[in-house]
Amino acid sequence: MVNKVRIEIAGSRYVIATPEGEERVLSLGREIDAQVRQLMDGNDRVSLNDALVLCCLNYANAYKKSEESADNMRTQLTDYLEDATLARIELDETKRENERLKRRLEMLGGSEDGQTKL
-4 MVNKVRIEIA GSRYVIATPE GEERVLSLGR EIDAQVRQLM DGNDRVSLND ALVLCCLNYA
56 NAYKKSEESA DNMRTQLTDY LEDATLARIE LDETKRENER LKRRLEMLGG SEDGQTKL
(Lines of atoms letter the chains of each structure in order from A and count residues from 1; the text may use other names and numbers.)
(Lines give C-alpha, C1' and ligand atoms only; values in the text may rest on other atoms or scores of the structure.)
Protein backbone atom coordinates (compact mmCIF):
# COMPACT_ATOMS: atom_id res chain seq x y z
CA MET A 1 0.00 0.00 0.00
CA VAL A 2 1.36 3.40 -0.97
CA ASN A 3 0.78 6.30 1.38
CA LYS A 4 0.81 9.91 0.21
CA VAL A 5 2.29 12.09 2.90
CA ARG A 6 2.57 15.88 2.83
CA ILE A 7 5.71 17.33 4.37
CA GLU A 8 7.18 20.82 4.51
CA ILE A 9 10.88 21.59 4.40
CA ALA A 10 12.06 25.18 4.73
CA GLY A 11 8.72 26.51 3.54
CA SER A 12 8.48 24.24 0.49
CA ARG A 13 5.73 21.63 0.45
CA TYR A 14 6.18 18.13 -0.92
CA VAL A 15 3.87 15.16 -1.37
CA ILE A 16 5.75 11.92 -0.82
CA ALA A 17 4.39 8.61 -2.15
CA THR A 18 5.83 5.87 0.03
CA PRO A 19 5.05 2.46 1.50
CA GLU A 20 6.35 3.79 4.84
CA GLY A 21 3.96 4.86 7.55
CA GLU A 22 2.80 8.46 7.64
CA GLU A 23 4.26 9.23 11.07
CA ARG A 24 7.69 7.96 10.03
CA VAL A 25 7.74 10.17 6.92
CA LEU A 26 6.48 13.18 8.89
CA SER A 27 9.21 12.60 11.47
CA LEU A 28 11.87 12.41 8.76
CA GLY A 29 10.50 15.57 7.17
CA ARG A 30 10.64 17.43 10.49
CA GLU A 31 14.20 16.25 11.05
CA ILE A 32 15.35 17.40 7.61
CA ASP A 33 13.47 20.69 7.98
CA ALA A 34 15.22 21.39 11.28
CA GLN A 35 18.64 20.64 9.80
CA VAL A 36 18.03 22.76 6.69
CA ARG A 37 16.78 25.67 8.78
CA GLN A 38 19.77 25.40 11.12
CA LEU A 39 22.18 25.50 8.16
CA MET A 40 20.39 28.45 6.57
CA ASP A 41 20.01 30.40 9.83
CA GLY A 42 23.69 30.05 10.58
CA ASN A 43 24.83 31.60 7.30
CA ASP A 44 23.01 34.05 5.02
CA ARG A 45 25.06 32.86 2.03
CA VAL A 46 23.67 29.31 2.24
CA SER A 47 20.77 28.82 -0.17
CA LEU A 48 18.02 26.24 0.18
CA ASN A 49 19.74 24.08 -2.43
CA ASP A 50 23.07 24.41 -0.61
CA ALA A 51 21.44 23.40 2.67
CA LEU A 52 19.69 20.42 1.05
CA VAL A 53 22.95 19.26 -0.55
CA LEU A 54 24.73 19.54 2.81
CA CYS A 55 21.93 17.55 4.47
CA CYS A 56 22.22 14.89 1.75
CA LEU A 57 25.96 14.67 2.32
CA ASN A 58 25.45 14.34 6.09
CA TYR A 59 22.87 11.59 5.62
CA ALA A 60 24.98 9.79 3.00
CA ASN A 61 27.97 9.89 5.36
CA ALA A 62 25.90 8.58 8.27
CA TYR A 63 24.47 5.84 6.03
CA LYS A 64 27.93 4.76 4.87
CA LYS A 65 29.19 4.66 8.46
CA SER A 66 26.18 2.56 9.47
CA GLU A 67 26.82 0.15 6.59
CA GLU A 68 30.48 -0.16 7.55
CA SER A 69 29.54 -0.72 11.18
CA ALA A 70 27.00 -3.39 10.21
CA ASP A 71 29.58 -5.09 7.97
CA ASN A 72 32.07 -5.04 10.83
CA MET A 73 29.51 -6.56 13.20
CA ARG A 74 28.68 -9.28 10.66
CA THR A 75 32.38 -10.09 10.32
CA GLN A 76 32.80 -10.24 14.10
CA LEU A 77 29.72 -12.43 14.43
CA THR A 78 31.05 -14.79 11.76
CA ASP A 79 34.39 -14.96 13.59
CA TYR A 80 32.63 -15.68 16.90
CA LEU A 81 30.55 -18.43 15.30
CA GLU A 82 33.66 -20.00 13.80
CA ASP A 83 35.39 -19.83 17.20
CA ALA A 84 32.35 -21.42 18.85
CA THR A 85 32.32 -24.19 16.24
CA LEU A 86 36.00 -24.90 16.80
CA ALA A 87 35.48 -24.91 20.57
CA ARG A 88 32.60 -27.38 20.15
CA ILE A 89 34.79 -29.64 18.01
CA GLU A 90 37.58 -29.49 20.60
CA LEU A 91 35.09 -30.27 23.37
CA ASP A 92 33.78 -33.27 21.47
CA GLU A 93 37.33 -34.50 20.85
CA THR A 94 38.17 -34.04 24.54
CA LYS A 95 35.05 -36.00 25.56
CA ARG A 96 35.98 -38.84 23.19
CA GLU A 97 39.54 -38.88 24.53
CA ASN A 98 38.22 -38.89 28.09
CA GLU A 99 35.96 -41.87 27.32
CA ARG A 100 38.84 -43.68 25.62
CA LEU A 101 41.07 -43.10 28.65
CA LYS A 102 38.33 -44.30 31.03
CA ARG A 103 37.97 -47.53 29.05
CA ARG A 104 41.71 -48.03 29.04
CA LEU A 105 41.89 -47.40 32.78
CA GLU A 106 39.16 -49.99 33.34
CA MET A 107 41.06 -52.46 31.18
CA LEU A 108 44.18 -51.87 33.26
CA GLY A 109 42.25 -52.63 36.44
CA GLY A 110 41.56 -49.13 37.71
CA SER A 111 38.22 -47.66 38.62
CA GLU A 112 36.52 -44.52 37.36
CA ASP A 113 37.56 -42.51 40.42
CA GLY A 114 41.17 -42.92 39.39
CA GLN A 115 42.05 -45.37 42.18
CA THR A 116 43.91 -48.50 41.19
CA LYS A 117 42.54 -51.74 42.62
CA LEU A 118 45.05 -53.85 44.56
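Mapping of the sequence shown onto this note's numbering: position 59 corresponds to residue 54, and the numbering continues sequentially without gaps.
For each residue, glycine too, the CB sits at the ideal point set by N, CA and C.
Following the DSSP letters along the chain, one finds Arg69 inside the alpha helix (DSSP H) bounded by residues 43 to 102. For Glu26, the enclosing alpha helix (DSSP H) has its first and last residue at 17 to 37. Taking a contact as a CB-CB distance under 8 Å, the pair Ala5 and Val41 does not count as one, their CB atoms being some 11 Å apart. Here Cys51 is exposed. Its C-beta has fewer than 16 other C-beta atoms within 10 Å. Scanning its chain for C-beta atoms nearer than 6 Å, with the 5 sequence neighbours on each side dropped, one finds around Leu49 the residues Leu34, in chain order.
In this structure, Val20 sits near Val0, with a CB-CB distance shorter than 7 Å.
Using a Cβ distance threshold of 7 Å, Gly16 and Ile2 do not count as a contacting pair. DSSP places Ala12 in the strand class (E or B) of the three-state scheme.
Linking Asp74 to Leu103 through their CA atoms gives a straight-line distance of about 43 Å. In the three-state reduction of the DSSP assignment, Val(-3) falls in the coil class.
Around the beta-carbon of Ala65, fewer than 16 other beta-carbon atoms lie within 10 Å, marking it exposed.
The C-beta of Ala57 has fewer than 16 other C-beta atoms within 10 Å across all chains shown, which makes the residue exposed.
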